[in-house]
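**Q** Pasting a structure below so you can have a look.
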Amino acid sequence: MPDSLMYQQDAYVVLEPDRPEEFLTAEELLEKLKAVLALKPDALPRELQKFSSVEEQAQHLMENYCEFDVAPGQYLQWYAVRLEKG
200 MPDSLMYQQD
210 AYVVLEPDRP
220 EEFLTAEELL
230 EKLKAVLALK
240 PDALPRELQK
250 FSSVEEQAQH
260 LMENYCEFDV
270 APGQYLQWYA
280 VRLEKG
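In terms of my numbering, the sequence shown opens at residue 200 and continues consecutively.
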């Protein structure tokens with residue numbers, strides 16, 4: 200049986216072209232995804248269109264994916280990470 204610690208995260212590392220990696224909390228990542236989704240409401244992937252609010256779309260995206268194409272050549276990637284305390 201897997202260790203439950205394996206599924207806990209402290210933060211997300213977010214990658215974007217031509218920008219340094221950024222560490223965000225879950226709340227900060229959710230806000231970033233909501234902002235990106237709000238910019239292109241008519242060009243959402245079919246799976247996200249079934250949700251009625253940007254909040255639900257962003258939550259689903261954050262929990263089920265690790266990449267979102269923003270525009271040609273532009274994307275967001277995010278990965279859950281555990282920050283070691285020492």
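The beta carbon of each residue, even a glycine, is placed where N, CA and C say it ideally should be. These numbers were taken from a predicted model, which means no experiment stands behind them.
Looking at the secondary structure, which residues open and close the beta strand (DSSP E) in which Leu243 lies?
**A** Working through the sequence shown from its first residue, we reach residue 243 at position 44. Run containing Leu243: none; DSSP gives neither H nor E here.
**Q** What residues match up with Ala279 in a beta bridge as DSSP calls it?
**A** By one-based count along the sequence shown, residue 279 stands at place 80. DSSP output for Ala279 lists Tyr211 as bridge partner(s).
**Q** For Glu266, name the three-state secondary structure that DSSP assigns.
**A** Residue mapping note: residue 266 aligns to position 67 of the sequence shown, counting from 1. Strand at Glu266.
**Q** Just curious, the beta strand (DSSP E) that Glu221 is in, first and last residue?
**A** To locate residue 221, count along the sequence shown from 1; it is residue 22. Its beta strand (DSSP E) spans residues Glu221 to Leu223.
**Q** Are there 16 or more other CB atoms within 10 angstroms of the CB of Leu238, so buried, or fewer, so exposed?
**A** Numbered from 1 along the sequence shown, position 39 holds the residue referred to as residue 238. Result: exposed.
**Q** Could you round the C-beta distance between Glu266 and Tyr274 to whole angstroms and report it? I think they count as a contact, below 8 angstroms.
**A** Numbered from its first residue, the sequence shown carries residue 266 at position 67. Numbered from its first residue, the sequence shown carries residue 274 at position 75. Contact flag correct, Cβ pair sits at about 6 angstroms.
**Q** Quick one: what's got a C-beta closer than 6 angstroms to Lys233's C-beta in the same chain, skipping five residues either side?
**A** For the purposes of this step, residue 233 is taken as the residue at position 34 of the sequence shown. Here the set comprises Val253 and Ala257.
**Q** Tell me which residues share the same chain as Asp268 and place their Cβ nearer than 8 angstroms to its Cβ, disregarding the 5 neighbours each side in the sequence.
**A** The residue you call residue 268 lines up with position 69 of the sequence shown. Counting only Cβ-Cβ distances below 8 angstroms, and skipping sequence neighbours, we find Tyr274.
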